[in-house]
Amino acid sequence: MCTTNALLTLLHTYKKTKDEFFSPSIQKASAWLENIVPFTTQDIAFQIIGLSSYPSPDSTKVIQNNINKLYNIQNEDGGWGEMEGYKSSSFSTGQVIYALKLAGVKMSNPNFSKGVNYLIQNQNVFGSWPAENTQSKRPSEITSTVWAIIGLSNAFESLMITIINPTHDQTITPKDPNESYIIEATVNNSASTKISNVEFFLDANSIGIVDTLPYSIHWYPKNIPGGKHNIMAIVRDTQGKEASDTKTIFLDKSLKIKFLNPLSNSSITQPQINVQIELENKTNSPVAKIEYFLDNKLITSTNTEPFDHTLNTLGISNGKHILKATVHTEAGDSASTEQDIMINRKLSVVLEKPLSGTTIEDKIVFSSSIKNDSGSSITRVEYYLDDKLLGYSKEGPSYSYTYQVKTIPDGDYLAKAVIYNELGETSSVSNKISITRSLKISLRNIKDGASVTGIKEISAVVENKSKSPVSEVVYYLDKSIIGKAQKAPYNIKWVTTNQPSGNYTLKVIAYTEGGGKSHNEIKIKIEHPIAISLYSTVLDNSSTYTIQLKKEDFQIEEDNINQQLKDVRLCNEKFPTSYCIMVDTGQQMSTYLKDTSSAIQKFTNSISPGSDYSIILFSDKVIKKDKSSKIFSNIISKGGTAIYDTALECLSMFQGSTKRKVIIIFTASPDENQDGSAPGSKHKLEEVLREANNINCLIYVIAIGPRADQFLLSDLPDNTGGRLYAASGPNDIGILIEPLNFDLKYMYEIKYTSSNPVRDGKWRNIKVSIKEHEKYVVNCQKGYYAPKY
């Protein structure tokens with residue numbers, strides 16, 4: 003707008019003075035207007051105004067493009083908003099109408115007429131135009147009124163026409179194929195000329211001409227497709243002058259079809275299903291046929307109401323399929339609908355007896371459980387040994403059957419169950435079994451479900467009625483061999499410490515020299531003792547660190563049960579330690595980063611030889627990792643605070659380290675996102691504590707400023723043996739390094755083996771106290787999460 007107004011001023015001055023001094027500025031302004039890309043409606047209008055006032059060969063194309071752009075963003079009510087998609091305002095509409103007039107757009111143009119009508123219809127009763135829908139929310143109506151007046155000035159023709167029937171956006175729903183509708187217009191002619199005719203158009207196609215009052219025609223929509231259409235009326239006088247008006251209508255000739263059954267994503271388990279549809283036909287043409295498709299393949303066609311179809315699901319694979327229906331009318335109209343269906347005609351069997359791994363001595367007892375979603379009843383269950391049919395059962399629900407194995411040689415076999423339904427569909431399942439009529443083996447001194455640890459002696463009892471002597475007995479833990487024996491009592495010493503704690507299958511197999519074999523197996527649990535290592539500091543009655551204590555001075559309880567201490571030692575300043583220093587660079591740390599950097603420099607300078615450190619900068623995520631304080635250069639404080647995610651990153655860096663592990667967190671915020679409305683981390687506090695407990699890592703927190711909620715931040719140090727230090731402002735950060743160093747220097751490492759070997763993953767409380775010194779203050783982790791397998 004500013005450039006156009008300046009250009010108009012220069013042009014007016016040049017016309018008055020003819021002074022060439024203004025020419026370079028005029029040409030530069032015009033060239034700028036030709037190349038600039040307009041953003042708002044006002045930009046487009048003033049680009050047209052400026053270029054129309056100083057036209058050039060290149061500007062014509064720009065003007066026309068802008069005119070087309072204005073037509074495209076014109077609202078349904080005829081007005082324009084300050085930007086595309088904004089509600090119409092008199093302010094913007096007046097500017098556009100004025101620009102279109104300068105560009106030479108005819109006043110009979112439908113877009114121009116609609117804009118003029120918008121201004122006329124929205125004038126206030128007292129004569130002004132409202133300032134509503136303007137972005138600047140102007141306090142008065144002066145500007146919008148002035149632009150409306152400018153737009154309306156000289157915006158009327160002596161010849162005008164208005165369509166009065168149908169109304170704009172009217173919906174027409176034909177009820178009869180031969181039904182007609184009246185299209186009518188009124189004409190205002192203030193000139194001395196006479197009206198020649200009025201011609202009516204539908205979507206630019208002439209549908210009738212009248213030359214006498216009333217200016218109306220009967221219109222038949224029979225062969226017109228449904229949807230939006232434009233009706234235009236053009237009036238012509240005897241001197242060839244024209245005026246026009248346009249109305250948009252919606253012709254409702256809808257043809258719709260939808261499924262009533264089955265519903266979308268239905269799970270179909272029956273062999274047959276009745277497919278039902280619902281039709282809406284406003285085309286005035288009868289339905290000729292309905293076609294049904296499955297996965298785009300035609301399966302049937304029907305022309306008989308109610309157009310239902312019985313879908314046979316036999317032969318259709320289980321899984322997702324697309325069911326489609328298409329309606330066709332006699333006039334050639336069509337509509338379709340489709341939806342996903344799920345064929346789920348499953349037939350499955352579980353061989354409950356004999357289970358896999360069963361050793362059979364005299365008879366096989368078969369029984370099955372069946373899941374039948376086939377829509378067809380079960381007729382029988384056949385039982386096989388390898389591929390030999392042994393018999394069948396028709397008696398549900400277990401379909402039991404017993405077979406004597408007297409004539410079957412010892413060995414390994416497949417016991418198989420095959421089920422049949424009335425449709426002839428089948429399903430089968432097999433279990434591996436062993437038949438050992440003459441050779442039997444069982445485990446001794448260990449029972450099914452037993453828990454073991456340490457060194458375990460296992461033996462087996464072999465019953466051999468065959469003529470072939472036992473050659474070897476082999477023990478397996480799952481699929482791994484853990485021992486062999488060739489002589490009775492076939493015992494082995496099994497070192498369980500080579501296996502991690504967990505659930506296993508213990509299996510023993512006896513082999514004979516003639517190739518016979520027999521096996522037995524049980525389920526066991528290996529539960530090694532849980533070794534705990536934790537760090538603790540002790541303050542005496544005068545709040546001084548105590549470093550003279552011995553193992554026998556300590557007492558430790560786990561879930562209120564006294565534990566047997568294994569070792570206690572003091573960690574002094576030379577104790578090898580790996581540090582991970584986490585520095586929050588979220589938006590709350592903006593005023594603290596400089597002092598934090600200085601404090602960390604002071605701390606790292608005090609680290610003893612043999613220890614090491616890394617620094618991690620983080621906000622919503624890890625920003626940088628380094629082993630130098632130069633990491634702080636060019637850091638901008640922004641984002642949230644993902645403490646837990648970053649702590650897990652630190653903990654992963656400690657893997658494999660045998661040194662004491664310490665995380666120090668400098669933060670001005672709890673774990674939260676940038677606006678404090680949600681957590682900052684994807685991971686949870688419990689995940690951090692579990693991993694810290696697993697590797698015995700201490701976590702210290704330096705909570706800086708008023709936003710660092712000490713209650714929320716204290717869980718990390720309290721449950722790992724560290725401490726929380728509160729810094730009220732930047733000056734306190736460096737001061738807190740000294741007590742942190744003292745805490746790490748006068749610390750005891752305590753080791754014990756938990757009396758509870760159960761690896762259930764549950765939280766266990768720890769309490770450390772000093773015998774005969776009840777008032778001594780002991781700081782250590784409050785507990786730990788038991789390991790879980």
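Numbering of the sequence shown is given in this note's numbering, commencing with residue 3 and proceeding in unit increments.
The beta-carbon is built from N, C-alpha and C at its ideal position, and this holds for glycine as well.
Bear in mind the structure is a predicted one, so any value in this text is a computation, not a measurement.
Same chain, Cβ closer than 6 Å to residue i, five either side skipped, listed in chain order
i	result
Ser453	Lys527 and Glu529
Tyr727	Ile704 and Leu738
Phe252	Thr173 and Lys230
Ile666	Ile583 and Tyr702
Val107	Phe114
Pro40	Ile46 and Gln49
Thr248	Pro112, Asn232 and Met234
Tyr403	Phe368, Tyr385, Gly393 and Ser395
One or two residues paired with residue i in a DSSP bridge
i	result
Gln341	Leu325
Glu459	Lys495
Val98	None, per the DSSP bridge assignment.
Leu416	Lys434
Cys2	Residue 2 is absent from the model: the chain starts at 3 and stops at 791.
Gln278	Asn263
Leu441	Asn466
Tyr386	Leu391 and Lys418
Phe668	Val585 and Ile704
His311	Val277
Whether residue i touches residue j by CB criterion (9 Å)
i	j	result
Lys442	Glu363	yes
Gly642	Gln676	yes
Lys753	Ser535	yes
Gly599	Phe634	Here the sequence assigns Ser to residue 599, which means Gly is not the residue at that position. Taking 9 Å as the Cβ cut-off, Ser599 and Phe634 qualify as a contacting pair.
Glu332	Ser395	no
Ile219	Ile165	no
Ser461	Leu425	no
Ala206	Leu161	no
Tyr778	Asp542	yes
Ile609	Lys626	no
Phe656	Cys699	yes
Asp335	Lys255	yes
Tyr292	His330	A small fix is needed here, since residue 292 is Ile in this sequence, not Tyr. Their beta carbons are under 9 Å apart, which means Ile292 touches His330 by this criterion.
Gly393	Ser468	no
Asp720	Lys663	no
Ser370	Leu387	no
Lys89	Asn77	yes
Asp60	Glu22	no
Asn314	Ser376	no
Val624	Ile617	no
Ile735	Tyr615	no
Lys260	Ile233	no
Thr328	Phe295	yes
Ile437	Ile457	no
Close-in-space but distant-in-sequence residues of the same chain around residue i (CB under 7 Å, 5 per side omitted)
i	result
Asn276	Asn263, Asp310 and Thr312
Asn695	Tyr786 and Tyr787
Ile697	Leu653, Phe656 and Lys663
Arg238	Ser198, Asn199 and Glu244
Closer than 8 Å: residue i CB and nearest the ligand GTP heavy atom
i	result
Gly228	The ligand GTP is not among the ligands present in this structure, which contains no ligands whatsoever.
Contact set for residue i: own chain, Cβ-Cβ below 8 Å, skip 5 residues either direction
i	result
Leu10	Ile51, Gly52 and Ser55
>> Give the list of continuous beta strand (DSSP E) stretches no shorter than 3 residues that lie fully inside the segment 102-185.
In response: The segment 102-185 contains, as complete beta strand (DSSP E) runs of 3+ residues, the segments 161-167 and 172-174 (chain order).
> Which whole runs of the alpha helix (DSSP H) in the segment 543-608 are 4 residues long or more, in chain order?
Replying inline: For the segment 543-608, the continuous alpha helix (DSSP H) assignments of 4+ residues that do not extend past its boundaries occur at 595-607, in sequence order.
>> Closer than 8 Å is the cut-off here; do at least three beta carbon pairs connect the segment 584-595 with the segment 553-573?
In response: By the Cβ test, the segment 584-595 is not in contact with the segment 553-573, since fewer than three Cβ pairs between them sit closer than 8 Å.
> Okay, do the segment 396-403 and the segment 466-479 touch, 3+ Cβ pairs below 8 Å being the bar?
Replying inline: The segment 466-479 and the segment 396-403 do not touch, with fewer than three beta-carbon pairs separated by less than 8 Å.
>> Quick check on the DSSP output: what are the complete beta strand (DSSP E) runs of length 3 or more inside the segment 463-536, in order along the chain?
In response: Taking only runs of at least 3 residues, the beta strand (DSSP E) segments lying wholly in the segment 463-536 are 472-479, 482-487, 494-497, 504-514 and 519-528.
> If you pair each beta-carbon of the segment 714-729 with each one of the segment 676-686, do three or more pairs fall below 8 Å?
Replying inline: Not touching, per the Cβ criterion.
>> Extract the residue ranges of the beta strand (DSSP E) inside the segment 187-244, only unbroken runs of 3 or more that lie entirely within it.
In response: Runs found: 197-204, 207-212, 217-221 and 229-239.
> Can you find at least 3 beta carbon pairs, one from the segment 92-107 and one from the segment 219-237, that sit closer than 8 Å?
Replying inline: With the cut-off at 8 Å, the segment 92-107 and the segment 219-237 do not touch.
>> Using 8 Å as the cut-off, can you tell me whether the segment 429-438 makes contact with the segment 483-492, which would need three or more C-beta pairs spanning the two stretches below that distance?
In response: Between the segment 429-438 and the segment 483-492 there are fewer than three C-beta pairs closer than 8 Å, too few to call the two in contact.
> Going along the chain, which unbroken runs of the alpha helix (DSSP H) with 4 or more residues stay wholly within the segment 34-100?
Replying inline: You should have 43-55 and 59-75.
>> Closer than 8 Å is the cut-off here; do at least three beta carbon pairs connect the segment 62-74 with the segment 39-53?
In response: Counting C-beta pairs closer than 8 Å gives three or more between the segment 62-74 and the segment 39-53, which meets the contact rule.
>> Across the segment 228-247 and the segment 142-154, are there enough close Cβ pairs to call them in contact, namely three or more that are closer than 8 Å?
In response: The answer is no - the segment 142-154 does not touch the segment 228-247, with fewer than three Cβ pairs under 8 Å.
>> Assess contact between the segment 707-721 and the segment 562-579, defined as three or more Cβ pairs (one per stretch) separated by less than 8 Å. Is contact present?
In response: Segments in contact, no.
> Any contact of the segment 337-348 with the segment 264-272, i.e. 3+ C-beta pairs under 8 Å?
Replying inline: In the pairwise beta carbon analysis, the segment 337-348 is classified as touching the segment 264-272: at least three pairs are separated by under 8 Å.
> Do three or more CB pairs link the segment 537-552 to the segment 744-752 at distances below 8 Å?
Replying inline: Contact holds between the segment 537-552 and the segment 744-752, because three or more Cβ pairs, one in each stretch, are under 8 Å apart.
> In chain order, which continuous runs of the beta strand (DSSP E) of length 3 or greater are located wholly inside the segment 702-762?
Replying inline: List check, beta strand (DSSP E) in window: 726-729 and 749-755.
> Should the segment 444-452 be called in touch with the segment 413-420, which here means at least 3 C-beta pairs below 8 Å?
Replying inline: Segments in contact, no.
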